[in-house]
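Chains as they are written, first to last, in this note's numbering: chain C, 41 to 456; chain G, 699 to 993. The C-beta atom is built at its ideal place from N, Cα and C for all residues, glycine as well. Here the structure is a predicted model, which is why all the values come from computation and not from measurement.
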Amino acid sequence: MIKPLYKYEPKNGFTRWLDARLPVLTLIHGSFVVFPTPRNLNYWYSFGAILTVMLASQIVTGIVLAMHYIPHTSLAFASVEDIMRNVNFGWLLRYLHANGASFFFIAVYIHMFRGLYYGSYKEPREVLWILGVLLYVLMVATAFFGYVLPWGQMSFWAATVITNLFGAIPLIGESITTWLLGGFSVDSPTLNRFYSLHYLLPFMIAGVVVLHIWALHVPGNGNPVGIQVRVPQDTVPFHPYYTVKDGLAIVVFLFVLAVVVFYQPNALSHPDNYIPADPLKTPAHIVPEWYLLPFYAILRAVPSKLGGVLALGAAIFVLFLVPWLDTSRVRSATYRPIYRQFFWIFVITCVGLTWLGSQPPEGGYVIAGRILTIYYFLHFLVVLPVVGLVEKPKPLPASINDPVLPPGESVRQAAE
Amino acid sequence: MATHILTRAARFGAVIALALFGLSASAPAQEELQEEQAHEALHFPIEAPERRSWSFDGFFGKFDPAQLRRGLQVYRDVCQNCHALSMVPFRTLADEGGPQFTPEQAAEIAGAYTVTDGPDDQGLMFTRQARLSDHFPSIFANPQAAAFANNGAYPPDLSLMAKARSVPSGFPWFIFDALRFYQEGGPDYIAGFLTGYRDPPPGEEPPPGTYYNVHFGADDETAMPPQLFDGIVRYTDGAPQTVEQYAEDVAAFLMWTAEPHLVARKRLGFQVLIFLAAFIGLMYATKRRVWAPVH
Ligand code: HEM
């Protein structure tokens, strides 16, 4: 357990009174002010803070949108347009919320690849990693439900395609689908329950985020070198060091978000979703939002429907197992010359699957999709265990101070 | 040290590339290579419409009120015979950043339409002159009636048309589109569609009730007959009375109906970016100072 260096001293009568009864100020002080944080975290470690900001932004914009949105098939599309046209700054709220979801996923993917690169999931941070994957699953569900709400053509048909997948489950599939839909096809009962769940899940996400940070603060942050913090000189207090560093990263991220929200707010969405849902007219090309495309590619790579659904589930489930699939004792890919190459191959595989997910399922695309799907699983099931066993890691520095300070300086600092 | 910076830069590049891939993937139509598209809707069976320049494109783009007024005139003289514009209230014709009629002029335009209202205190529906708070009424009672009057093809509501169509640019080029802030695929498409009628190639007779159109997104021929001919709408502001001009004017007008707050959005966006840029500068300076003793 990481112990903060200084204990919280309440400064005035009220805080003394409160803290003696509920030490919430001590908790905040210990977790976000004096919390000892490795001094060598790079900007890839800022994405957790960015994610927290994005969650808050989604909840705030979402709650205001919900004050104007009407979850009924005959009114949903018009109510979203009413927000865009007639609610003061409604266009801003909606564009922030819709593009915010995309940026939330950009941040979570960077956060996850960061974890895979630096071995952040390794002992003693397995539970932290598992909670992270759970957060990702909740985000996917939230975004899927959210995408249905504007009730455009893509909303409707994505809902139809995805809920149909449950029909592939043997024996009980049909009943499950009917139960999920609240009927025999996607209709008002479906929209209503999806709206309810879309409102619920972000708060569950917020709850899991608390557990995630708790699980982070027991062993403390990992770091790019991957060796444990040994001496107090290896760390700096979270405030002001990381409040300013993460703060800078957050503002830069928001800048990029603002460029998209204000200058190309529809670049990340499909034009068909500006056509009201029409159950009688199938779009030429049904595609999910970009952040779900890799899984869509995996789904379609398997020739049988049930097989596709199982592969899709397995592709996410395998992430839970990563802490035990990786056999290497060295955390950071910086010191793992072979794993590092495989890491980048895996990144390219995921980018490739994203692209293939947007292509029609035919000809060369299907073959490429199958190859990349197989490689996706090989990476986890073969590369991670085998490379860990055969690879000879580079020598690790003696302390996390070594790589950041010029030679000689670390000795002086340690002696201080 | 130098190599360290280089690898950092390379990794940063990879992330940007990843993000851009993500961007592209969202608009699937954007990525499909032209040749592969022949059989898919949105992938121009014959020829992609050209890209035009618009007063409202780019960083500081604004609608040209005179153009929007001409576009409204084309809509009222021609398109309105078939297409509804149900999301547009008359009052917005007087809004800042739109066609900027005076409220009196907008009321006069509304007054030219009749709408059904009621029931009155005897329980009867009645018709009355439209007011500023009304939306453009459709001349058809419902979509079925509109389709029936058009050989079974439904003329879609045009309110959002400019955001419901696009001109995809194909796989690597979407990156440049994003960097150029290209968002005008909708109006490019509409103007292209309206000017895309040609004589069919010899031997290729369009089925009855359809018209050969090289820029139609869904097929070789469309159920919409050619509508624009030189001189059919009388402009009073001296603008050329050509098919090209009509098509661009009505496309610009439809961009406004689809995105009525575009001008406000770009203006506010600029202020927000200035603010965030200054904020970044301050945060960067603070971060440097705070970290100086540690580095
Ligand atoms: C984890 C956080 C969240 C994510 C990832 C998310 C994602 C999404 C997405 C992708 C859409 C479709 C956007 C569109 O096309 O307009 C959407 C719409 C919506 N969301 Fe969320 N959302 C989140 C949180 C919330 C919260 C907390 C609320 C309300 C309390 C909310 C309320 C709404 C409403 C009312 C809509 C429909 C209006 C619209 O289409 O703009 N969302 N959400």
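query: Exposure of G/Asp947, with buried meaning 16 or more beta-carbon neighbours within 10 Å; result: buried
query: Three-state secondary structure (DSSP) of C/His137; result: helix
query: Spatially closest choice to C/Leu105 from C/Ala138, C/Trp84, C/Phe75, by CA coordinates; result: C/Ala138
query: Through-space distance from C/Pro311 to G/Gly720, alpha-carbon basis; result: Unreliable positioning characterises G/Gly720 in this predicted model, as indicated by a pLDDT of 43, which lies under 50. A coordinate reading is not provided.
query: Three-state secondary structure (DSSP) of C/Asp59; result: helix
query: C/Tyr48 at chain G interface by Cβ criterion, 8 Å; result: no
query: Segment limits, alpha helix (DSSP H) that includes C/Thr101; result: 87-106
query: Backbone CA spacing between G/Thr908 and C/Leu412 [nearest angstrom]; result: 44 Å
query: Exposed unless 16 or more other CB atoms sit within 10 angstroms - verdict on G/Arg826; result: exposed
query: C-beta contact flag for C/Ser97 and C/Lys285 at 8 Å; result: no
query: Given G/Pro853 as reference, the closest of G/Met922, G/Pro797, G/Pro835 once Cα atoms are compared; result: G/Met922
query: Host beta strand (DSSP E) of G/Asp815 (start-end); result: 812-815
query: Per-residue burial, C/Ser236 [other beta carbons within 10 Å of its own, 16 or more giving buried]; result: exposed
query: Minimum C-alpha distance to C/Leu396 - residue among C/Val387, C/Thr200, C/Arg410, C/Phe295; result: C/Arg410
query: Within chain G, the residues that C/Pro280 reaches when beta carbons sit closer than 7 Å; result: Val988
query: Any C-beta of chain C under 8 Å from that of G/Gly816; result: no
query: Inter-stretch contact (C-beta, 8 Å, three-pair minimum) for the stretch 767-780 of chain G and the stretch 943-960 of chain G; result: yes
query: 7 Å Cβ cut-off: residues of chain G touching C/Ile315; result: Ala862
query: Residue closest to C/Val342, alpha-carbon to alpha-carbon, out of C/Met94, C/Asp122, C/Thr230, C/Val406; result: C/Val406
query: Cα-Cα separation, G/Pro817 to G/Gly936; result: 45 Å
query: Neighbour flag for G/Tyr773 against chain C, beta carbons, 8 Å; result: no
query: Where C/Asn306 meets chain G, residues with beta-carbon distance less than 8 Å; result: Lys861, Gln881
query: Entirely enclosed beta strand (DSSP E) segments - the stretch 253-303 of chain C, minimum 3 residues; result: 275-277
query: Contact list for C/Lys285 against chain G, beta-carbon separation under 7 Å; result: Lys985
query: Assigned secondary structure, G/Gln803 (DSSP; H/G/I helix, E/B strand, else coil); result: helix
query: Per-residue DSSP class, three states only, for C/Tyr161; result: coil
query: Beta carbon proximity, C/Val269 to chain G, threshold 8 Å; result: no
query: Per-residue DSSP class, three states only, for C/Phe144; result: helix
query: Length of the line joining the Cα atoms of G/Arg986 and C/Gly262; result: 23 Å
query: Straight-line gap, G/Ala764 to C/Phe295 (C-alpha atoms, nearest Å); result: 34 Å
query: Euclidean distance between Cα positions of C/Tyr109 and G/Gln881; result: 26 Å
query: G/Gln943: first and last residue of the uninterrupted alpha helix (DSSP H) it sits in; result: 941-956
query: Beta carbon proximity, C/Asp312 to chain G, threshold 8 Å; result: yes
query: Rounded C-alpha distance that separates G/Ala695 from C/Lys47; result: The first residue shown for chain G is 699 and the last is 993, placing residue 695 of chain G beyond what the model contains.
query: C-beta neighbour in chain C for G/Ser724, strict 8 Å; result: Because the pLDDT at G/Ser724 is just 38, under 50, the model does not fix this residue reliably, and the value given afterwards should be weighed accordingly. G/Ser724 counts as touching chain C.
query: Contact list for G/Lys964 against chain C, beta-carbon separation under 8 Å; result: Phe302, Tyr303
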